[in-house]
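Going letter by letter, the sequence shown gives residues 24 to 519 in the numbering used here.
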Amino acid sequence: MLKIDGIILKQMIISGANNLYNNYPEVDALNVFPVPDGDTGTNMNLTISSGAKEISSRDEESIYEVAKSFSRGLLMGARGNSGVILSQIFRGFAQGLKGKNTATAQDLVEALLLGKQVAYKAVMKPVEGTILTVIRESTQALSESIYDEMPIDELFDNLYKEACESLKRTPNLLPVLKESGVVDSGGAGLCKILEGFSLALHNRIVEKSMPNVVTDDDINDSDEETEDDTTVNYCLEFILNLSKDPSKQRKKVFSLNRFTGVITSHGVAALVSKVDNVVKVHVHTEAPGSLITYAQQFGEFKMVKTQNMAEEHTHLIKADIEKEIESQKAPKELGLIAVGVGQGIVDFFKDLNCDYIVSGGQTMNPSTEDFVKAIKEINAKNIFILPNNSNIVMAATQACSVVDGVNAVVIPSKTIPQGLVAAMMYNPSVDFDTNLSEMTAAIATVKTGQVTFAIKDTSVDGVEIHKDDYIGIQDKKIVTSCKTKLETIKELLNQM
């Protein structure tokens, strides 16, 4: 095969998306910090799923039209830094195919090289040893090995091979990877996608094979199309730390298949995933209490969240009416958006004149589209966004670039405390420039400390860490690890 069209590219994309879907928990587990919050695989999975959904009903033969639609879906669905970079790679790829109905190996190499360039430009301070390195080295190797009338399947076989070799080298470029004994998670996610592309060209299109795990789109589709879901009142989410010694701790032995079966039989829109000794669950159910009691037989909860969706639905209807009334008014000068989760945090931001709260945070990164929706719903000429997480800044920034008619700007808050301090400085009565200056200056004065627990033995930044010990983190650096939570808090405060 010396050329491919849009139909074949669509098959490749679906295969690549499915291959990542089948393996994203493995990518999540490649976390440089020994804590249960790895979400690179999840973010890349949700991002490419959005792109695949965009092209699922399209049958164009033009390779450019398919690539353009895929790029648009990725752009709006991008979550986390890895998802945004992935969307930029394929944005450049689509630009490189502009006007083409079919593409040769040379056309595809040029498009991939442009994808690499666009991705690098999207990152203010590119770091080597990441997904950027993998796309750069693999496309560069490809450009040096291409020959006239090279078969497309050979091209993508080589691309996948070179990407895997580059991935293996990432620990040599980024010390924190070597110290943690892992390769780069974003690069690993990209390799899974490229593997799916390659397999599709050999007539082995990857099918989804992970039962009982769904994407955000699947959940949203269930909400809209499944009649049973309309009678379900509660949304339950929890993170469960499984017991290391069930018999000694009077807990039951955990079976993922059996556990997932119970969860799915008592609800809809279920998501169950397990990484090491940590289980994450999201389900819509009429019996949250029963499921909480059932889950506690296997370990202890790190986080439990329940929400009455019936009340939330009523609240949303009321809010829609209020927004419709608001939209009829002349736009105000300033608006403020913040990212947060949990009623206490939400109330804090609302008390500080925040107009819209985007639900999200660590392991729950909102998409570019979530921010676009928030910007459009605020009737204001100028809007500030507080992402409150380093992994959300790029998606918020990308949203600002795609919305017309509004001057939207990201204040790069990377923690909730930074966001709260910035919001305290926000004054809708003064001009845009004054607010921008004071809010930006405010976040630089904040030190943030966090305490979590270790999921493996390791050493990071010279700190010896043992599984199940507590970890003290100042901003993005591990500064201490102790046996007890109180001891960790004291040591963390001393370090700050």
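Even glycine gets a Cβ: it sits at the ideal position worked out from N, Cα and C.
Rounded to whole angstroms, the gap between the alpha carbons of isoleucine 415 and glutamate 172 is 43 Å. When the Cα atoms are used, tyrosine 170 and tyrosine 379 turn out to be separated by approximately 54 Å.
Cβ atoms of alanine 310 and phenylalanine 261 stay farther apart than 8 Å, at about 14 Å.
Between the alpha carbons of lysine 123 and valine 304 lies a distance of about 44 Å. Here the stretch 29-36 lies against the stretch 78-89, with 3 or more beta-carbon pairs under 8 Å apart.
Judged by DSSP secondary structure, isoleucine 496 falls within the beta strand (DSSP E) whose first and last residues are 493-497. A straight line joining the alpha-carbon of valine 107 with that of tyrosine 493 spans about 31 Å. Rounded to the nearest whole angstrom, the CA to CA distance from phenylalanine 220 to methionine 99 is 22 Å. Fully enclosed alpha helix (DSSP H) runs of no fewer than 4 residues occupy 311-318 of the stretch 294-319, in order along the chain. Under the three-state reduction of DSSP, leucine 196 is assigned to helix. Below 8 Å, enough C-beta pairs join the stretch 380-400 and the stretch 351-363 to call them touching: three or more.
Following the DSSP letters along the chain, one finds isoleucine 27 inside the beta strand (DSSP E) bounded by residues 26-28.
In this structure, Gln473 is the residue among Gly428, Glu356, Gln473, Val395 with its C-alpha nearest to the C-alpha of glutamine 385. Lysine 470 sits in coil when the DSSP states are folded into three classes, being neither helix nor strand.
In this chain, the beta strand (DSSP E) harbouring phenylalanine 261 covers 257-265. Burial is judged here by how many other beta carbons sit within 10 angstroms of a residue's own beta carbon; histidine 225 has fewer than 16 and is exposed. In the three-state scheme derived from DSSP, where H, G and I count as helix and E and B as strand, alanine 431 is classed as strand. In the DSSP assignment, isoleucine 360 falls within the beta strand (DSSP E) that extends over 355-363. Minimum Cα-Cα distance from valine 453 among the listed residues Ile398, Glu514, Leu357, Phe407 corresponds to Leu357. In the same chain as methionine 332, and ignoring 5 residues on each side of it, the C-beta atoms closer than 8 Å to its own belong to Val255, Asn256, Tyr257, Cys258, His307, in chain order.
Per DSSP, the continuous beta strand (DSSP E) segment holding valine 486 begins and ends at 486-488. The beta carbon of isoleucine 37 lies closer than 6 Å to those of Ala75 in the same chain, with the five residues before and after it left out. When secondary structure is reduced to three states using DSSP, leucine 409 falls in the strand class.
In the structure shown, glycine 442 falls within a helical segment according to DSSP collapsed to helix, strand and coil. Per the DSSP secondary-structure output, glutamine 330 pairs in a beta bridge with Cys258. Taking the C-beta atoms as reference points, leucine 178 is found nearer than 7 Å to alanine 128. Annotation for alanine 52: no beta strand (DSSP E) segment contains it, and DSSP assigns it neither H nor E. Looking at the backbone, the Cα of leucine 136 and that of asparagine 517 are separated by about 48 Å. In the three-state DSSP reduction, methionine 173 falls in the coil class, being neither helix nor strand. When secondary structure is reduced to three states using DSSP, tyrosine 449 falls in the coil class, being assigned neither helix nor strand. If you check the CB distance, glycine 138 and glycine 115 come in under 7 Å. Going by DSSP, alanine 164 is part of the alpha helix (DSSP H) stretching over 154-168.
The beta carbon of asparagine 68 lies closer than 6 Å to those of Leu43, Tyr44, Tyr47 in the same chain, with the five residues before and after it left out. Nearest Cα to threonine 63 within the set Ala90, Met24, Ala126, Ile154: Ile154.
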